[in-house]
Amino acid sequence: MKNLSKGQGLGQGSGKGLDRGGGRGRNSGGGFGVGGDCVCAKCGEKVSHQQGVKCTTFKCPECGHTMIREELLNK
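Just so we're on the same page, our numbering is the position in the sequence shown counted from 1, plus 449.
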């Protein structure tokens with residue numbers, strides 16, 4: 450074990466790190482709110498968005514492609 454009497458403690462540092470993970474992700478970290486639709490980028494099929502569930506967790510009922518939030522498709 451290290452000699453801790455000379456200020457070499459085991460505490461957490463206060464640095465923020467360099468250049469990794471500091472961003473806020475898509476849509477600047479903001480949500481799209483309740484309502485809206487999940488849409489298939491491949492065939493255009495729409496299903497209602499469920500609050501608290503990401504559209505990307507759903508597969509299109511028509512073609513099996515991953516669904517995305519309609520607001521992202523229109524960008």
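Glycine included, C-beta positions come from ideal geometry on N, C-alpha and C.
Around the Cβ of residue i, are there at least 16 other Cβ atoms within 10 angstroms (buried) or fewer (exposed)?
i, result
"CYS492", "exposed"
"VAL488", "buried"
"CYS504", "buried"
"HIS498", "buried"
"ARG509", "This sequence places Cys at residue 509; Arg is not what is there. So CYS509 counts as buried."
Pull the bridge partners of residue i from the DSSP assignment, please.
i, result
"CYS487", "VAL496, ARG518"
"LYS508", "THR515"
Report the CB separation of residue i from residue j in whole angstroms; it is logged as a contact under 8 Å.
i, j, result
"VAL502", "ASP486", "Contact flag wrong, Cβ pair sits at about 13 Å."
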